[in-house]
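Here is the structure we will look at.
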Amino acid sequence: MERMFVVALLLLTTHAVLAIAAGPSVIIVGAGFSGISAAKTLSDAGIKDFLILEATDHIGGRIHKTNFAGINVEKGANWVEGVNGTEVNPIWVMANELKLRRFYSDYDNISSNTYNQEGGLYGSSEVGKAIEESESIHSDGEKLSARLPPSGRSDISILTMQRLKNHVPTSALDMVVDYYSYDYEFAEPPRVTSLQNTVPLPTFARFGESVYFVADQRGYESVVYHVAHQFLSTDKASGAINDPRLKLNKVVRHISQSSTGVTVTTEDGSVYKADYVMVSVSIGVLQTKLIKFEPDLPSWKILAVYQFDMAVYTKIFLKFPYTFWPEGTGTEFFLYASERRGYYPVWQQFEKQYPGANVLLVTVTDEESRRIEQQSDEETKAEAMEVLKKMFGPNIPDATDILVPRWWSDRFYKGTFSNWPIGVNRYEYDQIRAPVGRIYFTGEHTSEHYNGYVHGAYLAGIDSANIMIKCIKHGFCKVQIKDKDS
């Protein structure tokens, strides 16, 4: 009887150990670049019992290609930004390793390609003068920014800086130059964008001012797969990821924690348990009710989340039966100056990137993005065509196809990337990144210097994972947040 009891106890203990070993120690919510980067960092540290839950049918998040009129184009991130500087952008390294097709974006001739609202080109000298004045004010802003205390308490908006310099763009030309200088980069206007954290911009100050447009049929998402393939198993024949630790189409709706672990529940009713969870959803999603936290996140965390802006950057692609716009050196980018600020302002043609495709790209942001997302594609095409006819004449052909991404309307993103709010410094970034018990956070919005960028997402994943590793492996679980004024 005693021997039977010992055997039974041994079997029970063995089953318990196996049950614990079978469950992941870490659940990662989201397979965007930050989530994948965090998972790889954990894997490299020997923490391989994790599970990645992704709401969509693919990894990469806002780095995602789609087929449009026979070619693959990027719905979201499109550029490697910050190249040829003193430091090397890690995304540029990956792009080179993968031999992605990428093209230097040359904006130098924009003064010769700016169109009047009523039709025809502005004189290049007139546009050049407006650009020079804008750049001069920007340089003054850099000097002012350098004098502001690091706490961020004296931070001002870019627009406030412009007002201090008696330069508030009001004409159609000045507004489109202003839009091109700021909104086109940050997806929000100067009135809401921080001066202290964007002038100068760390990405360009550290990695270089060159930007390269990715136009590879494998997709910019190749960089995400490049990282994923280094730690997730793949099918040898197709190269597709078949690792059971990655689960697609799993919409996380509930995260609860206790002193002993976390429980994650998905929309389909599946329940997963682990020791820790890493949340890598966008700041836009954190600001919605998609995921319920139990107990509720503390007030300091909620305040930090809601201080950040989730901007909307919309790239609208238009396909035509033939080319009617200028081609050749110095014609890739052109502007449309409207009295309605941000109305179909920045255009790009793809003579080099997609030869023979006859495709144009127009970028809109912020309020115009939200407005356009709520109307039909046919209405948007009609508006874009009206603008193009003013620029190139009434006899141009109608677009045959249009692609309008709807990031703001998508409940899994609620926008495209975070923007620098006024008055935010490392203190707020430490708060938004800081764990709450067993719940950790990552994403491009947690990158103090590179939020909004692909390299910011990648580096943020590494950073947040290392914070978790210190806790799991070394017991250093309390994250120190420096005082606001330090």
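With mature numbering (1 follows the signal peptide of the UniProt record, and there is no 0) as the guide, the letters of the sequence shown map in order to residues -19 to -1, 1 to 467.
Note that the Cβ used here is the ideal one computed from N, Cα and C, for glycine as well.
All values derive from a computational prediction rather than experimental measurement.
Query - First through last residue of the alpha helix (DSSP H) which encompasses V266 - result: Here residue 266 refers to the residue found at position 285 when the sequence shown is read from its first residue. Run containing V266: 264 to 267, per the alpha helix (DSSP H) assignment.
Query raised in the report: Since K146 is in the alpha helix (DSSP H), which residue starts that stretch and which ends it?
Result: Residue 146 sits at position 165 when you count from the first residue of the sequence shown. Counting along the chain, K146 falls outside any alpha helix (DSSP H), and DSSP gives it neither H nor E.
Query - Distance between beta carbons of Q461 and S319, contact taken as under 8 angstroms - result: Within the sequence shown, numbered from 1, the residue matching residue 319 stands at position 338. Within the sequence shown, numbered from 1, the residue matching residue 461 stands at position 480. With 8 angstroms as the limit, S319 and Q461 do not qualify as a contact, their Cβ atoms being about 49 angstroms apart.
Query - Cβ neighbours of E(-18) in the same chain (closer than 8 angstroms, five flanking residues each side left out) - result: Counting from one through the sequence shown, the residue named residue -18 turns up at place 2. For E(-18), the predicted structure reports a pLDDT of 40, less than 50, and the residue's modelled location is therefore unreliable. A value from the coordinates is still provided. Apart from sequence neighbours up to five positions away, no residue of its chain approaches E(-18) with a beta-carbon distance below 8 angstroms.
Query raised in the report: Where does N447 sit, in a helix, a strand or coil, going by DSSP?
Result: The count along the sequence shown starts at 1 and reaches residue 447 at position 466. Helix, per DSSP.
Report task. Give every residue of the same chain whose Cβ lies closer than 6 angstroms to the Cβ of K56, excluding the five residues on either side of it in the sequence, and list them in chain order. Result -> Within the sequence shown, residue 56 is the residue found at index 75, counting from 1. So the list reads H45, T47, P386, once near-sequence residues are dropped.
**Report entry** Sheet register partners of G62 (DSSP bridge)
**Finding:** Position 81 of the sequence shown, counted from the first residue, corresponds to residue 62. According to the sequence shown, residue 62 is Glu rather than Gly. Bridge partners of E62: V192.
Query raised in the report: Does the count of Cβ pairs from the region 11 to 23 and the region 410 to 426 closer than 8 angstroms reach three?
Result: yes
Query raised in the report: Tell me which same chain residues have a C-beta within less than 6 angstroms of the C-beta of T304, skipping the five on either side of it?
Result: As a working note, residue 304 is residue 323 in the sequence shown. Cβ within range, chain order: N339.
Requested in this report: Assuming I377 contacts L342 (C-beta within less than 8 angstroms), just tell me the rounded distance between them.
Outcome: Start at 1 with the first residue of the sequence shown, and residue 377 comes out as number 396. Start at 1 with the first residue of the sequence shown, and residue 342 comes out as number 361. Wrong, their Cβ atoms sit about 16 angstroms apart, outside the cutoff.
Query raised in the report: Mind checking H436: buried by the 16 CB within 10 Å criterion, or exposed?
Result: Here residue 436 refers to the residue found at position 455 of the sequence shown. So H436 counts as buried.
Report task. Could you spell out the range, first to last residue, of the beta strand (DSSP E) harbouring N48? Result -> Here residue 48 corresponds to residue number 67 of the sequence shown, with the count starting at 1. Taken as a continuous stretch (DSSP letters only), the beta strand (DSSP E) holding N48 covers 46 to 49.
Report task. Look up G4 in the DSSP assignment and say whether it is helix, strand or coil. Result -> Reading the sequence shown from its first residue, position 23 is the one you call residue 4. Per-residue confidence for G4 stands at a pLDDT of 41, beneath the threshold of 50, marking its modelled position as unreliable; the derived number appears in the next sentence. If DSSP states are grouped into helix, strand and coil, G4 belongs with coil.
Query raised in the report: What do you reckon, are the CB atoms on S350 and W401 nearer than 8 angstroms?
Result: Position 369 of the sequence shown, counted from the start, is the residue given in the question as residue 350. Position 420 of the sequence shown, counted from the start, is the residue given in the question as residue 401. The answer is no: Cβ separation not under 8 angstroms.
Report task. Please say whether T397 and Y294 have beta carbons closer to each other than 8 angstroms? Result -> For the purposes of this step, residue 294 is identified with residue 313 of the sequence shown, where counting begins at 1. For the purposes of this step, residue 397 is identified with residue 416 of the sequence shown, where counting begins at 1. Going by C-beta atoms, Y294 is nearer than 8 angstroms to T397.
Report task. In the DSSP assignment, find the beta strand (DSSP E) that holds H235 and state where it starts and stops. Result -> Position 254 of the sequence shown, counted from the start, is the residue given in the question as residue 235. Looking at the DSSP string, the run of the beta strand (DSSP E) that includes H235 is 233 to 238.
Requested in this report: With a floor of 3 residues, list each beta strand (DSSP E) that falls wholly inside the region 358 to 438, ordered by position along the chain.
Outcome: 382 to 384, 398 to 400, 420 to 422
Query - D185 - DSSP class collapsed to helix/strand/coil - result: Along the sequence shown, one-based indexing puts residue 185 at 204. Going by the sequence as given, residue 185 is Phe instead of Asp. Helix at F185.
Query raised in the report: How about A168 and A292: do their beta carbons lie closer than 8 angstroms?
Result: For this step, residue 168 is matched to residue 187 along the sequence shown. For this step, residue 292 is matched to residue 311 along the sequence shown. Yes, the Cβ-Cβ distance between A168 and A292 is below 8 angstroms.
Query raised in the report: CA-CA distance, A285 and V266?
Result: Taking the sequence shown and counting its residues from 1, one reaches residue 285 at position 304. Taking the sequence shown and counting its residues from 1, one reaches residue 266 at position 285. One alpha carbon belongs to A285, the other to V266, and they sit about 14 angstroms apart.
Report task. With a threshold of 7 angstroms, establish whether the CB of L140 neighbours any heavy atom of the ligand SAM. Result -> Among the ligands in the structure shown, none appear at all, so the ligand SAM cannot be discussed.
Query raised in the report: Given a threshold of 16 other Cβ atoms within 10 Å of its Cβ, counted over all protein chains shown, does G41 qualify as buried or as exposed?
Result: Within the sequence shown, numbered from 1, the residue matching residue 41 stands at position 60. Classification of G41: buried, given that the 10 Å Cβ count is 16 or more.
Query raised in the report: Nearest to Y160 by alpha carbon, out of D38, L316, E62?
Result: As a first step, residue 160 must be located in the sequence shown, where it is residue number 179. Ranking the options by Cα distance to Y160, first place goes to L316.
Query raised in the report: Mind checking P150: buried by the 16 CB within 10 Å criterion, or exposed?
Result: Your numbering for residue 150 matches position 169 in the sequence shown. It is buried - the Cβ of P150 has at least 16 other Cβ atoms within 10 Å.
Query - C-alpha distance - Y96 paired with A380, whole-angstrom precision - result: Locating residue 96 in the sequence shown gives position 115, counting from the first residue. Locating residue 380 in the sequence shown gives position 399, counting from the first residue. Distance between the alpha carbons of Y96 and A380: 20 angstroms.
Report task. Spatial neighbours of E68 within its chain, please: CB distance less than 6 angstroms, with the 5 preceding and 5 following residues excluded, ordered by chain position. Result -> Within the sequence shown, residue 68 is the residue found at index 87, counting from 1. R187, F188, listed in sequence order.
Query raised in the report: Are I448 and V243 touching if we call contact CB-CB under 8 angstroms?
Result: The sequence position of residue 448 within the sequence shown is 467, counting from 1. The sequence position of residue 243 within the sequence shown is 262, counting from 1. For I448 and V243, no; Cβs fall outside 8 angstroms.
Query raised in the report: In angstroms, rounded to a whole number, what distance separates the CA positions of Y335 and K29?
Result: The residue you call residue 335 lines up with position 354 of the sequence shown. The residue you call residue 29 lines up with position 48 of the sequence shown. C-alpha separation (whole angstroms): 41 angstroms.
Query raised in the report: By how many angstroms is the C-alpha of R352 removed from the C-alpha of L81?
Result: In the sequence shown, counting from the first residue as 1, residue 81 sits at position 100. In the sequence shown, counting from the first residue as 1, residue 352 sits at position 371. Answer to the nearest angstrom: the Cα atoms are 34 angstroms apart.
Report task. Excluding the 5 residues preceding and the 5 following N254 in the sequence, name in chain order all residues of the same chain whose CB lies nearer than 8 angstroms to its CB. Result -> Mapped onto the sequence shown, residue 254 falls at position 273. Asn is not the amino acid found at residue 254; the sequence shown has Lys there. Excluding its 5 nearest sequence neighbours in each direction, K254 has C-beta neighbours in its own chain below 8 angstroms: G4, G242, V243, T244, V245, listed in chain order.
Query raised in the report: Is V61 closer than 8 angstroms to I52 when the C-beta atoms are compared?
Result: Residue numbering aside, residue 52 sits at position 71 when the sequence shown is read from its first letter. Residue numbering aside, residue 61 sits at position 80 when the sequence shown is read from its first letter. The answer is no: Cβ separation not under 8 angstroms.
Report task. Would you kindly check if the distance between the Cβ of V195 and the Cβ of N65 is under 8 angstroms? Result -> To locate residue 65, count along the sequence shown from 1; it is residue 84. To locate residue 195, count along the sequence shown from 1; it is residue 214. Contact: no.
Requested in this report: On a CA-only basis, which of V327, E359, D358, E354 is nearest T344? Give me that one, please.
Outcome: Position 363 of the sequence shown, counted from the first residue, corresponds to residue 344. The option with the nearest alpha carbon to T344 is V327.
Requested in this report: Whole angstroms is fine: what's the gap from F185's alpha carbon to S240's?
Outcome: On the sequence shown, position 204 is the one that residue 185 refers to. On the sequence shown, position 259 is the one that residue 240 refers to. One C-alpha to the other measures close to 43 angstroms.
Requested in this report: Under the assumption that H207 contacts M366 (Cβ atoms under 8 angstroms), give the Cβ distance between them as a whole number of angstroms.
Outcome: By 1-based counting over the sequence shown, the position of residue 207 is 226. By 1-based counting over the sequence shown, the position of residue 366 is 385. Contact between H207 and M366 does not hold, since the beta-carbon distance rounds to 39 angstroms and is not under 8 angstroms.
Query raised in the report: S135: which of I413, N406, C458 sits nearest, CA to CA?
Result: In the sequence shown, the residue the question calls residue 135 occupies position 154. Residue N406 is the option with its Cα nearest to S135.
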